[in-house]
Each structure stands twice: as C-alpha cells, then as structure tokens.
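Asker: Those letters in the sequence shown? Residues 1 to 197, by the UniProt record's numbering.
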Amino acid sequence: MDNYNILSDSELVTLLKRRDRSAFAEIYDRYSMMIYYKINQMLRDENVSKDLVQDLFTSIWEKSELIRDNVGISSYLYVAARNRVLKYIQKGKTRSDYLAEIGKYNLMVSDQTLEKIDEKDLMLLLTAEIAKLPAKMREVFELSRLEDLSHREIAQRLGLSESTVKKQVQNALKILKVRLSRYHSLGVILLIFLRDN
Numbered sequence: 001m002d003n004y005n006i007l008s009d010s011e012l013v014t015l016l017k018r019r020d021r022s023a024f025a026e027i028y029d030r031y032s033m034m035i036y037y038k039i040n041q042m043l044r045d046e047n048v049s050k051d052l053v054q055d056l057f058t059s060i061w062e063k064s065e066l067i068r069d070n071v072g073i074s075s076y077l078y079v080a081a082r083n084r085v086l087k088y089i090q091k092g093k094t095r096s097d098y099l100a101e102i103g104k105y106n107l108m109v110s111d112q113t114l115e116k117i118d119e120k121d122l123m124l125l126l127t128a129e130i131a132k133l134p135a136k137m138r139e140v141f142e143l144s145r146l147e148d149l150s151h152r153e154i155a156q157r158l159g160l161s162e163s164t165v166k167k168q169v170q171n172a173l174k175i176l177k178v179r180l181s182r183y184h185s186l187g188v189i190l191l192i193f194l195r196d197n
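#1: Are TYR78 and PHE57 touching if we call contact CB-CB under 9 Å?
#2: Would you kindly work out how many angstroms separate the C-alpha atoms of LYS84 and PHE24, rounded to a whole number?
#3: Which same chain residues, not among the five before or five after ASN171, have their C-beta less than 7 Å away from its C-beta?
#4: If you draw a straight line from the C-alpha of ILE67 to the C-alpha of GLU11, how long is it?
#5: When we look at the beta-carbon of ARG30 and count the other beta-carbons within 10 Å, is it buried (16 or more) or exposed?
#6: Where SER22 and LEU173 are concerned, what is the direct C-alpha to C-alpha distance, given to the nearest angstrom?
#7: Would the beta-carbon of VAL165 fall within 9 Å of that of VAL140?
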C-alpha cells in the first residue's frame, strides 16, 4: 500500500500491530510535532522534549500490542506523553516550578476526555482555523509553529522586522484561541498546543 496518509488512525493502528513500518511512520508524521509541542510547553527544554518524543514513539513501536482498540492513537499518545513528563519531573530532572503547569493540564484534560476525541479532529480543526487567518499572518504563523523557525529566521525569510513577526504570531494566537475556545474540551486540548511564545 502506498497511500498510508489516507488511512484512518484505527486502520494505521491495526497495521502497526502487524509490525507495518510504513503505518508507524505515518502515525509519527501525524502526531510527533504536536506531541513535541505539548511536552516542550511543559518542560521548556527542546532537547529533553525531543528525547521524550523519541522515547515515546520507540515504545509505541516496541509495545504496539498494548494499544487498546477502543482508544484512539491520539488519545493514547497524549496520555503517554503526559505520563512521561510526570515521570521525568518526579525523577527531579527539571525545575519544580513546572509542576504547577502539569497540575493545570491534568485538571483541564482527563484521560476520559481524551478517549472521546476523534483522532483526526484535532489536526483538521486546527488546520482549518489556521487557514482562515489573513494570508501574511498565516504564513508567519505556519513558519513559526509548523517549521519551528525563530522570529529572526522568519523576518529574514520574509523581509520583515522581528517586531512585525512577533506581533503577527501574537495576533494569530489571540485569534485562534478565541475561535478554538468554542469547541469546549476539544478546544482546550488544541489551546494547550498553542504556546504563547
């Protein structure tokens, strides 16, 4: 099969459990960046966050049989990512002032809420709302969040000042947070991924 990107998450999980490397690669492509943003928002350490993402996806490959059929892969990944962050903090490898953020996250998003999320809704909803942004703002925001470029790199690429880039990103966040807040629990989860800086 060539078009793994058209498969549903549940179809990909079925193939993953059969040790299909392409299915695993598609799951990684769909969710690794969002999981990285979630972890990095809590830890504010890019290298540790990348390590935890790699560890999480290695575990997914090695222990795919443990993924329950009635739980979406996105829900499974979010809960597993949160648990890894908690374990990392409990080992004393990060500053304790982030515990408050973890606590807020746990209050907002329960395992039960995550299990009810349709796997593709997260990305589809976020992508749709980003697409509605004004053209230049959308371009700046995508370079910032999807390509993970710094304000300086974006300014150089687009011939803008860094202050203009920063303002465009901040304005995009404000717009998206207002639009996504109406989606209740789904919106809350999406907002978690829209870090403020």
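Even glycine gets a Cβ: it sits at the ideal position worked out from N, Cα and C.
Owing to the predicted nature of the structure, the values given are computational and were not obtained by experimental measurement.
Answerer: Checking against the coordinates, here is how it stands:
#1: The sequence position of residue 78 within the sequence shown is 78, counting from 1. The sequence position of residue 57 within the sequence shown is 57, counting from 1. No, these two residues do not count as a Cβ contact at 9 Å.
#2: Your numbering for residue 84 matches position 84 in the sequence shown. Your numbering for residue 24 matches position 24 in the sequence shown. The question names Lys, but residue 84 is Arg in the sequence shown. Distance between the alpha carbons of ARG84 and PHE24 is about 20 Å.
#3: For this step, residue 171 is matched to residue 171 along the sequence shown. Once the five neighbours on either side are set aside, the close Cβ partners of ASN171 are MET137.
#4: Residue 67 sits at position 67 when you count from the first residue of the sequence shown. Residue 11 sits at position 11 when you count from the first residue of the sequence shown. Going by the C-alpha atoms only, they are around 13 Å apart.
#5: For this step, residue 30 is matched to residue 30 along the sequence shown. Its Cβ being crowded by 16 or more others within 10 Å, ARG30 is buried.
#6: As a first step, residue 22 is located in the sequence shown; it is residue number 22 there, counting from the start. As a first step, residue 173 is located in the sequence shown; it is residue number 173 there, counting from the start. Taking the straight line from one Cα to the other gives about 34 Å.
#7: Position 165 of the sequence shown, counted from the start, is the residue given in the question as residue 165. Position 140 of the sequence shown, counted from the start, is the residue given in the question as residue 140. Yes, these two residues count as a Cβ contact at 9 Å.
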